[in-house]
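Chemist: The sequence shown begins at 0 in numbering that gives the first Met the number 0 and counts up by one.
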Amino acid sequence: MSLELRSPCKVNLILNILGKRADGFHELETLMHPIPFFDSLTFAKNSAPGIQLSCSDPLLRTDESNLVYKAAKLFGRAASVDISTIIHLEKRIPMAAGLGGGSGNAATTLLGLNQLYDSVLSDAALQGLAAELGSDVPFFLQSCPAIGLGRGEQIHQLSPYPILEGCWIILVHPGFGISTPWAYQQLARFPEARNGIPGRAAKLDASLRSGNWTAITENIYNSLEAPALEKYPLLELFQTFFKKAGAVATLMSGSGSTTFAITDSDKSAKRISAEFRSHFGESFWMKAMGLGF
Ligand code: C5P
0 MSLELRSPCK
10 VNLILNILGK
20 RADGFHELET
30 LMHPIPFFDS
40 LTFAKNSAPG
50 IQLSCSDPLL
60 RTDESNLVYK
70 AAKLFGRAAS
80 VDISTIIHLE
90 KRIPMAAGLG
100 GGSGNAATTL
110 LGLNQLYDSV
120 LSDAALQGLA
130 AELGSDVPFF
140 LQSCPAIGLG
150 RGEQIHQLSP
160 YPILEGCWII
170 LVHPGFGIST
180 PWAYQQLARF
190 PEARNGIPGR
200 AAKLDASLRS
210 GNWTAITENI
220 YNSLEAPALE
230 KYPLLELFQT
240 FFKKAGAVAT
250 LMSGSGSTTF
260 AITDSDKSAK
270 RISAEFRSHF
280 GESFWMKAMG
290 LGF
């Protein structure tokens, strides 16, 4: 039996860091929105024991350091099964991009193996494993927009936002990645960004719910832009361009390096994408898609 699952990505419409914790992580509130752009994972039981992982991208290691491998190993241990599975990862989402591609792959591996092994683990058990694998992994066990609290792993599902139906999102990756640990470490130099005022994620949720674009634009925010835009001014140029070109909102996602821009229609997304290419050239990775699933 083999199983193919799509592994989506996300953007953070807000990432508000509230302070550094004693365990070294940062307390935060974030509002993550799923994006219908996917890697794909194929799972097949194998006669030989162990985990055999392959990947379409030769730059991604397929050994024990790979999050898919870690997820499969953790699943086997928690479910008390000897994993004998061939897993193939077809990679399309850029890496170190702030889009949660690797976290999504890890969550999809937990879901895929649980399907392959007769749903041996409960949803709560999967949640626990996901949180162990990384702060963003629990978000990808479900498919709704959600608020993440704690270090991001405490997920509170939200219903879809009517105002975003019909909206499009443009993603631009500049060709370099930003390391998540680096971005968080740099916050020590930006006390205001490190110690955000709590309640901003709820405020953004309320403005998205009320459908008021002025309030939405005022409330989207990412604390990690402070170090990222200082080191990479190009990312600020992207945002200035998108604002001028008529995007309704633009921000860096997660710890970067992807910039996203939301447009009110497919037509404006296509126009703005074409203008972006003629302004910045053809070399940047860019995708545009509808925000509805
Ligand atoms: O949880 P995850 O493995 O994605 O975190 C990667 C790194 O990002 C952590 O080791 C930590 O340096 C930083 N981080 C943090 N606070 C968070 C999430 C991540 O400091 N809430």
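The beta carbon of each residue, even a glycine, is placed where N, CA and C say it ideally should be.
All figures in this text were calculated on a predicted structure; none of them were measured in a lab.
Among A227, S178, T262 and K230, which residue has its Cα nearest to the Cα of T216?
Modeler: Looking at the Cα atoms, T262 is the closest of the given residues.
Chemist: Please find out if some non-hydrogen atom of ligand 1 comes closer than 6 angstroms to the beta-carbon of Y183.
Modeler: Yes, ligand 1 has a heavy atom inside 6 angstroms of this Cβ.
Chemist: Relative to the C-alpha of G165, which residue among K9, L290 and A225 is closest?
Modeler: L290
Chemist: Going straight from the alpha carbon of P161 to that of G210, what length do you get?
Modeler: 8 angstroms
Chemist: Among all the DSSP beta bridges, which residues are the ones paired with C8?
Modeler: I34
Chemist: Can you tell me whether DSSP reads T61 as helix, strand or coil?
Modeler: coil
Chemist: Roughly how many whole angstroms lie between the Cα atoms of W212 and I168?
Modeler: Roughly 15 angstroms between the two C-alpha positions.
Chemist: Under the rule that 16 or more other beta-carbon atoms within 10 Å means buried, what is S178, buried or exposed?
Modeler: exposed
Chemist: Sorry if obvious, but does the Cβ on T84 come closer than 6 angstroms to a heavy atom of ligand 1?
Modeler: Placement of the Cβ of T84 at a distance of 6 angstroms or more from every heavy atom of ligand 1 is found.
Chemist: Under the DSSP definition of a beta bridge, which residues are partnered with N221?
Modeler: Residue pairing for N221: DSSP places it in a beta bridge opposite L14.
Chemist: I believe G133 touches L4 by the beta-carbon criterion, under 8 angstroms. Please report the beta-carbon distance rounded to the nearest angstrom.
Modeler: The Cβ separation is near 18 angstroms, so there is no contact.
Chemist: How many angstroms separate the CA atom of P159 from the CA atom of K9?
Modeler: 14 angstroms
Chemist: Please report the Cβ distance between R193 and I16, rounded to the nearest whole angstrom; I am assuming they are in contact, meaning their Cβ atoms lie under 8 angstroms.
Modeler: 6 angstroms between Cβ atoms; contact.
Chemist: I need the straight-line Cα distance from P35 to L12, nearest angstrom please.
Modeler: 15 angstroms
Chemist: Can you tell me which of A227, L223 and A246 puts its alpha carbon nearest to the alpha carbon of F275?
Modeler: The shortest C-alpha separation from F275 is found at A246.
Chemist: What are the boundary residues of the alpha helix (DSSP H) that K243 is part of?
Modeler: P232 to A244
Chemist: Where does G195 land, buried or exposed, given buried means 16+ other C-beta within 10 angstroms?
Modeler: buried
Chemist: With a cut-off of 8 angstroms, do at least 3 Cβ pairs link the region 175-190 to the region 276-284?
Modeler: Contact fails: fewer than three Cβ-Cβ distances are below 8 angstroms.
Chemist: Just to confirm my understanding: we take P93, look at its own chain, exclude 5 residues before and 5 after, and list those with CB closer than 8 angstroms. What are they?
Modeler: G100, H172, G176, T257 and W284
Chemist: Look at the Cβ atom of N218, then the Cβ atom of L228, and state whether they are nearer than 7 angstroms.
Modeler: no
Chemist: I want to check one thing, is the minimum distance from the CB of F138 to the heavy atoms of ligand 1 below 6 angstroms?
Modeler: no
Chemist: Does the distance between the C-beta of T179 and the nearest non-hydrogen atom of ligand 1 fall short of 6 angstroms?
Modeler: yes
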